[in-house]
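Heads up: the sequence shown runs through residues 8 to 353, numbered per this note's numbering.
A virtual CB, placed ideally from N, CA and C, is assigned to each residue, including glycine.
Reviewing the structure listed below.
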Amino acid sequence: MNPQAKLIFATSLILGTSITISSNHWIMAWAGLEINTLAILPLIAQSHHPRAIEAATKYFLTQAAASTLMLFSSMTNAWYTGQWDIAQLTHPTSCLILTSAIAMKLGLVPFHFWFPEVLQGSPLTTGLLLSTIMKFPPMTLFYMTSHSLNPTLLTCMAVSSAALGGWMGLNQTQIRKILAFSSIAHLGWMTIIIAYNPKLTLLNFYLYILMTAATFLTLNTIKATKLSTLMTTWTKAPSLNAMLLLTLLSLAGLPPLTGFIPKWLIIQELTKQNMAPMATMISLLSLLGLFFYLRLAYCATITLPPHTTNHMKQWHINKPTNTSIAILTTVSTLLLPISPMIATII
8 MNPQAKLIFA
18 TSLILGTSIT
28 ISSNHWIMAW
38 AGLEINTLAI
48 LPLIAQSHHP
58 RAIEAATKYF
68 LTQAAASTLM
78 LFSSMTNAWY
88 TGQWDIAQLT
98 HPTSCLILTS
108 AIAMKLGLVP
118 FHFWFPEVLQ
128 GSPLTTGLLL
138 STIMKFPPMT
148 LFYMTSHSLN
158 PTLLTCMAVS
168 SAALGGWMGL
178 NQTQIRKILA
188 FSSIAHLGWM
198 TIIIAYNPKL
208 TLLNFYLYIL
218 MTAATFLTLN
228 TIKATKLSTL
238 MTTWTKAPSL
248 NAMLLLTLLS
258 LAGLPPLTGF
268 IPKWLIIQEL
278 TKQNMAPMAT
288 MISLLSLLGL
298 FFYLRLAYCA
308 TITLPPHTTN
318 HMKQWHINKP
328 TNTSIAILTT
338 VSTLLLPISP
348 MIATII
């Protein structure tokens, strides 16, 4: 793809995201989401591989359906209340339809089927955009309408997402699919708390973006897309693989690392809201995710290939590690000491 086309698509992505997150009117928010969808499609399909074309088609159909539902929800609300303001969503039917639309946009259970397939058919850099920036506009709408949505429905969807994200990732060998199911599980954690403390959802989302960006960029540098290739990349960039281990454990939410902050604060908030059984359930379900993160980390750093003679050794990368990867991995692992400051902001 030529640089001019990439520049146009990147600008459109920034424009679409900016329009949606800064708008108060439903039509403007919808227009921003549509610009985003149309800008990312060529980036998914750029390799011209049948799997990439299939991924782009699936993405287009799902996002078009979600945008239609969102527009229908806002029109129903405007019909009954005369309000086009995003924060003024009050009609129960509109709230229900909007919950479905946002769940479809984000890839929450039961509308998650498209996400692993689309991520698997995309290049790693596009996969990074799909997992982070493309979730930003729907998450903003989720945040703005959180006071109107049904908490029981959100809790059911959240627990289902955490369960399914952990369960489906267990026997995957493709790294992009594992990261897709990891994203679904993380969205479960964000959704369970949004009705009670929306700022906590945003904190979880921002930290998830940092950790996922570090993981995707590292995998893109060492060119690993499945577990078998990940096993042989330790010779390529040993220090980068060691940092990948820490970033993956941070994504799993292990205590000394950054990823523990949102889980800790969410469990604390759920307990305050007399939802200790839900907090226990979602904590236990996160152990499923811990298993596949540990498997990824094990393959990346600890295991040598079973028969070293049969494997081509990868050449060591002489060029220095990208500065953005260095910053992201550091932030993804070392933010826990400042968690009291983060807690006061929330």
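Quick check: the Cα distance between residue i and residue j, rounded to an integer number of angstroms?
| i | j | result |
| --- | --- | --- |
| G176 | P263 | 24 angstroms |
| T236 | P130 | 16 angstroms |
| R41 | P99 | Note on identity: in this sequence residue 41 is Glu, with Arg being the wrong assignment. Spanning the two alpha carbons is a distance of roughly 25 angstroms. |
| T308 | S331 | 21 angstroms |
| I273 | M218 | 18 angstroms |
| M285 | P158 | 12 angstroms |
| T354 | N9 | Summary: the structure shown does not reach residue 354, with the chain confined to residues 8 through 353, and so no result is reported for it. |
| A187 | G266 | 17 angstroms |
| C306 | I182 | 11 angstroms |
| F143 | T24 | 7 angstroms |
Check whether the Cβ atoms of residue i and residue j sit closer than 7 angstroms, and answer yes or no.
| i | j | result |
| --- | --- | --- |
| S189 | L96 | no |
| I146 | F212 | In the sequence as presented, Ile is not what sits at residue 146; that position holds Met. For M146 and F212, yes; Cβs fall inside 7 angstroms. |
| I199 | A165 | yes |
| G195 | G296 | no |
| K65 | V116 | no |
| A249 | T240 | no |
| I93 | N31 | yes |
| I268 | S167 | no |
| I353 | L207 | yes |
| T222 | T254 | yes |
| L105 | S80 | yes |
Shortest alpha-carbon distance to residue i belongs to which of the options?
| i | options | result |
| --- | --- | --- |
| S153 | S138, G134, I185, I109 | I109 |
| T75 | D92, A52, W33, S54 | W33 |
| A256 | L224, M197, T336, L171 | A quick correction: the sequence has Leu, not Ala, at residue 256. Checking every option, the nearest Cα to that of L256 belongs to T336. |
I need the DSSP call for residue i, collapsed to helix, strand or coil.
| i | result |
| --- | --- |
| F11 | According to the sequence provided, residue 11 is Gln. The question's Phe does not apply to it. Helix. |
| H323 | coil |
| H154 | helix |
| H193 | helix |
| K230 | coil |
| Q181 | strand |
Under 6 angstroms from any heavy atom of the ligand ZN, does the C-beta of residue i make it?
| i | result |
| --- | --- |
| K326 | Among the ligands in the structure shown, none appear at all, so the ligand ZN cannot be discussed. |
>> Three or more C-beta pairs under 8 angstroms: does that hold for the region 39-54 against the region 78-90?
In response: Contact check between the region 39-54 and the region 78-90: fewer than three CB pairs, one atom from each, fall below 8 angstroms, which does not count as touching.
>> If contact is defined by three or more beta carbon pairs under 8 angstroms, each pair taking one atom from either stretch, is the region 54-61 in contact with the region 13-20?
In response: Contact fails: fewer than three Cβ-Cβ distances are below 8 angstroms.
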